[in-house]
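Working notes, beginning with the structure itself.
As structure tokens, then:
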């Protein structure tokens with residue numbers, strides 16, 4: 063994901079933690095990140111023009127802008143939980159954590175998804191809480 | 063899940079089988095129940111007010127009422143299959159079984175989900191039939 | 063919709079009310095039924111083999127069987143509300159009414175959909191309650 | 063919607079605009095609010111215990127808490143747009159506006175929904191922009 | 063929607079009919095196109111960078127490429143019907159018609175959506191058939 | 063799946079590769095096919111009339127007809143990716159491959175699903191690319 067299309071009003075957010083630190087803290091996160099890296103290699107090799115464009119657009123959506131990046135990551139988390147995609151939930155939980163979001167903030171975002179999306183969200187919430195437990199352990 | 067909010071018109075249904083009996087009869091059911099128990103421990107520890115309220119509301123929805131509890135469990139099964147949530151399907155198949163629902167009744171409920179939700183339901187139906195096979199084996 | 067494929071174990075349910083009675087009681091129901099009749103004329107004229115097969119399969123799913131037809135109509139209502147299709151909700155509310163389902167039973171089925179599907183179901187529930195109000199008025 | 067269950071850590075957000083001011087500024091908003099009020103009367107009259115519980119839970123989800131209420135309204139907007147519910151979108155656009163959210167912030171939230179949910183969100187985005195145009199007109 | 067990012071391997075498809083001809087043939091199509099034009103004016107005025115990028119990406123997806131444009135429009139139709147978006151269905155039915163797709167081909171694409179997506183697709187199929195009836199009338 | 067209901071206008075497509083050849087080429091495909099065969103045995107044993115009817119209808123939908131079978135398989139792939147069903151995606155990727163669809167054609171179909179369905183499709187796209195990598199390896 064390149065950032066060459068970032069406009070003047072948007073900039074990369076400042077991470078509090080690196081992917082490496084996340085992987086060291088949480089086994090679930092490490093497993094997710096490793097698996098994604100491996101699978102993305104196939105996608106990168108294919109070098110599909112529209113896929114690359116979509117990845118770029120996706121990246122730019124979560125930059126600092128009118129809304130702080132951390133709230134947009136939490137919005138991505140809510141959307142992912144409502145649409146019930148475990149990989150997407152893991153991604154946004156980890157990105158939010160990296161941006162300094164607290165556990166209480168993550169839980170409140172998940173509560174929005176739970177109320178909007180209903181009990182069908184519960185199994186995904188359970189797995190998200192397991193990841194939260196590892197990331198925010200003392 | 064407490065039941066302190068149960069109203070006068072609604073009461074706990076009488077189970078024919080306990081979770082323990084279900085787990086002894088079906089390995090798939092035991093695996094599901096054990097995994098859920100383990101994951102719910104994280105959720106319980108978090109002690110999130112709104113999550114507890116949602117769990118309570120969810121519990122009360124399936125009590126005996128104007129509709130017999132067993133038909134509401136089957137409705138939960140249909141909803142879960144249409145929204146394609148394997149964990150939710152397992153939960154409602156097991157609860158229906160515990161309330162004395164026959165295999166033929168479970169299959170007819172799944173048929174409603176199949177016709178309303180389409181072929182996208184088929185992979186979930188296959189896994190549900192595997193669970194039905196274990197639960198209703200002679 | 064022909065019923066030539068009905069098997070020996072399944073039979074047409076006995077309606078308490080006709081479509082005509084429903085249309086006389088509720089303006090919302092009449093509007094829905096008229097609009098569907100008009101639109102189905104285009105579909106019938108097209109005489110598409112697979113569409114006819116699907117309509118037939120759909121019809122047979124809700125016949126009396128291991129489960130009473132009225133509970134399968136309510137399952138169709140739950141599925142429709144979870145998947146948020148107003149026309150489908152109207153159809154199953156009306157069919158359930160025709161089979162003698164009480165208003166309290168309809169509300170409990172909608173409650174299952176509300177809890178499983180979340181607040182996103184609420185706008186559809188509001189419109190369903192408007193139809194229930196007309197159908198079950200004294 | 064009563065607020066008697068609000069916990070000590072959560073409180074009602076301070077609105078910048080009342081529903082009345084919103085209805086005076088935007089015809090689309092007034093139409094939505096009037097229609098909802100009319101339909102909710104049927105729901106209120108039914109006095110269904112679980113529906114009232116769900117409304118209460120829904121209300122409490124968006125209170126000031128670990129996350130500012132305005133960001134939770136925007137999360138509700140993202141969820142509504144991803145799940146493609148026009149009434150829910152209108153509700154959260156209006157609530158966000160009432161809490162002082164800027165137009166640029168609303169657009170960025172909708173962008174998250176667009177990227178997560180895809181082009182299927184576009185027709186709903188178009189209608190949301192029409193409402194934004196009226197609410198934020200000079 | 064600009065086409066400046068069209069790559070060397072992709073080119074604009076050759077339409078058999080213009081939007082104007084479509085609007086003259088079908089009142090439903092004209093109503094849809096007029097309404098979309100009006101609503102898009104608000105979106106264009108907002109000049110949101112990411113929305114414009116998404117529109118561009120969306121446009122490029124349906125160009126002539128490894129797959130003929132007409133089959134990609136029909137794939138867009140199938141996706142729209144499965145995700146149950148009437149505006150999206152109208153768009154892809156019209157674009158397919160403009161590219162010379164026959165009515166029989168449109169019906170077969172809709173059949174794929176019906177079988178994959180289930181009876182919940184039927185109300186959308188009925189409305190699509192109404193549009194097909196106008197577009198393909200003698 | 064019997065084909066006794068195939069109409070005169072529709073016929074079985076000619077496969078370039080057998081299931082056996084697919085399983086020998088790709089470990090992911092073999093795993094998917096073996097697992098499906100095993101699970102379908104339970105379904106077959108149940109001998110549910112409506113399930114068999116649905117399987118038959120499903121089979122007939124993808125036959126050669128007004129549209130070449132290969133494009134209908136790709137439409138099934140787009141629908142499956144939009145509705146995010148990994149098993150359904152694997153099935154249609156394999157069927158398309160068996161009918162001689164090129165990798166570039168599969169990627170373009172997946173691009174339609176990505177744009178219509180949004181970033182929530184990405185994790186499924188990654189897994190589809192892994193399968194494509196095995197099937198189309200030199």
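Protein chains in written order, with this note's numbering: chain A, 63 to 200; chain B, 63 to 200; chain C, 63 to 200; chain D, 63 to 200; chain E, 63 to 200; chain F, 63 to 200. Backbone N, C-alpha and C define an ideal beta-carbon position, used for all residues, glycine too.
Subject >> Contact between the stretch 152-170 of chain D and the stretch 96-112 of chain A (3+ Cβ pairs under 8 Å) >> reply: For the pair of segments examined, the stretch 152-170 of chain D was found not to touch the stretch 96-112 of chain A: the number of CB pairs separated by less than 8 Å stays below three.
**OP:** Kindly indicate if chain E contains any beta-carbon less than 8 Å away from that of residue 127 of chain B.
**Re:** Not one beta carbon of chain E lies nearer than 8 Å to the beta carbon of residue 127 of chain B.
Subject >> Whole runs of the alpha helix (DSSP H) within the stretch 80-142 of chain B, excluding any shorter than 4 residues >> reply: Fully enclosed alpha helix (DSSP H) runs of 4 or longer: 81-87, 89-108 and 111-123.
Original post:
Under the rule that 16 or more other beta-carbon atoms within 10 Å means buried, what is residue 93 of chain C, buried or exposed?
Top reply: Residue 93 of chain C should be labelled exposed.
Original post:
Looking at the structure shown, is residue 66 of chain F part of a helix, part of a strand, or coil, going by DSSP?
Top reply: Here residue 66 of chain F scores only 45 on pLDDT, less than 50, and its place in the model should not be relied on; the value that follows carries that caveat. It is coil, neither helix nor strand.
Subject >> Test: residue 110 of chain D CB closer than 8 Å to a CB of chain A >> reply: So, not an interface residue.
**OP:** Check the C-beta distance from residue 95 of chain C over to residue 108 of chain C and give it rounded, since I have them as a contact under 8 Å.
**Re:** About 21 Å separates the two Cβ atoms, so there is no contact after all.
Original post:
Just how far apart, CA to CA, sit residue 164 of chain C and residue 139 of chain B?
Top reply: Computed Cα separation, rounded: 22 Å.
Original post:
Quick one: does residue 142 of chain B have its CB under 8 Å from some CB of chain A?
Top reply: Interface flag for residue 142 of chain B against chain A is set, since a Cβ pair is found closer than 8 Å.
Subject >> Own chain residues within Cβ distance below 8 Å of residue 146 of chain F, not counting five before or after >> reply: 179, 182, 183 and 186, listed in sequence order.
**OP:** Determine the extent of the alpha helix (DSSP H) in which residue 146 of chain D is found, giving its start and end residues.
**Re:** No alpha helix (DSSP H) contains residue 146 of chain D, which DSSP labels as neither H nor E.
**OP:** Confirm, please, whether the CB-CB distance from residue 196 of chain F to residue 76 of chain F is below 8 Å.
**Re:** Contact: no.
Original post:
Are residue 136 of chain E and residue 116 of chain A closer than 8 Å when you measure CB to CB?
Top reply: No. Outside cutoff.
Original post:
Just how far apart, CA to CA, sit residue 105 of chain F and residue 121 of chain A?
Top reply: Each residue's alpha carbon lies about 43 Å from the other.
**OP:** Could you tell me which chain D residues have their CB closer than 8 Å to the CB of residue 148 of chain A, listed as they occur along the chain?
**Re:** Within chain D, no residue has its CB atom less than 8 Å from the CB of residue 148 of chain A, the nearest being about 14 Å off.
Original post:
Is there at least one Cβ from chain B nearer than 8 Å to residue 134 of chain C's Cβ?
Top reply: At least one chain B Cβ lies under 8 Å of residue 134 of chain C.
**OP:** Go through its chain and collect everything with a Cβ distance to residue 88 of chain B's Cβ below 7 Å, but skip five positions before and after it.
**Re:** The answer, listed in chain order, is 193, 196 and 197.
**OP:** Below 8 Å CB to CB, which residues in the same chain sit around residue 131 of chain B once its five sequence neighbours on both sides are set aside?
**Re:** The beta carbon of residue 131 of chain B is closer than 8 Å to those of 75, 124, 125 and 161 in its chain, skipping five residues each way along the sequence.
Subject >> Whether residue 35 of chain E touches residue 112 of chain C by CB criterion (8 Å) >> reply: It is not possible to answer for residue 35 of chain E, since the shown part of chain E is limited to 63 through 200.
Subject >> residue 170 of chain C - containing alpha helix (DSSP H), residue span >> reply: Taken as a continuous stretch (DSSP letters only), the alpha helix (DSSP H) holding residue 170 of chain C covers 165-179.
Original post:
Mind checking whether the beta-carbon of residue 200 of chain A lies closer than 7 Å to any heavy atom of the ligand ATP?
Top reply: Among the ligands in the structure shown, none appear at all, so the ligand ATP cannot be discussed.
Original post:
Count the other CB atoms within 10 Å of the CB of residue 134 of chain E; is the residue buried (16 or more) or exposed (fewer)?
Top reply: By the Cβ-count criterion, residue 134 of chain E is buried, with 16 or more other Cβ atoms from all chains shown falling within 10 Å of its own Cβ.
Original post:
Just curious, the alpha helix (DSSP H) that residue 195 of chain E is in, first and last residue?
Top reply: Element bounds for residue 195 of chain E: 184-197.
Subject >> Integer Cβ distance of residue 189 of chain E from residue 149 of chain E, believed to fall under 8 Å >> reply: Between residue 189 of chain E and residue 149 of chain E the beta-carbon gap is near 11 Å, outside 8 Å, which marks them as no contact.
**OP:** Write down the C-beta distance between residue 167 of chain F and residue 128 of chain E rounded to the nearest angstrom, noting that I regard them as a contact closer than 8 Å.
**Re:** Their Cβ separation, rounded to whole angstroms, is 5 Å, which keeps residue 167 of chain F and residue 128 of chain E in contact under 8 Å.
Original post:
Is residue 144 of chain B near residue 143 of chain C, with beta carbons less than 8 Å apart?
Top reply: No, they are not a contact pair.
Subject >> Minimum Cβ-Cβ distance from residue 188 of chain D to chain B less than 8 Å >> reply: Taking Cβ atoms only, chain B never reaches closer than 8 Å to residue 188 of chain D, which makes this a no.
Subject >> Contact list for residue 176 of chain A against chain B, beta-carbon separation under 8 Å >> reply: Neighbours of residue 176 of chain A on chain B, chain order: 112, 113 and 116.
Original post:
Nearest-angstrom Cα distance between residue 191 of chain A and residue 191 of chain E?
Top reply: Rounded to the nearest whole angstrom, the CA to CA distance from residue 191 of chain A to residue 191 of chain E is 46 Å.
Subject >> Within chain B, partners of residue 119 of chain C - CB distance below 8 Å >> reply: In chain order: 177.
**OP:** For residue 89 of chain C, decide whether its Cβ has a neighbour in chain D, counting only Cβ atoms nearer than 8 Å.
**Re:** So no, residue 89 of chain C is outside the interface.
**OP:** State the Cα-Cα distance for the pair residue 110 of chain F and residue 152 of chain A, rounded to the nearest angstrom.
**Re:** Cα atoms of residue 110 of chain F and residue 152 of chain A: separation of roughly 39 Å, rounded to the nearest angstrom.
**OP:** Output yes if chain F places a C-beta closer than 8 Å to the C-beta of residue 122 of chain C; else output no.
**Re:** Contact of residue 122 of chain C with chain F is assigned, a C-beta pair being separated by under 8 Å.
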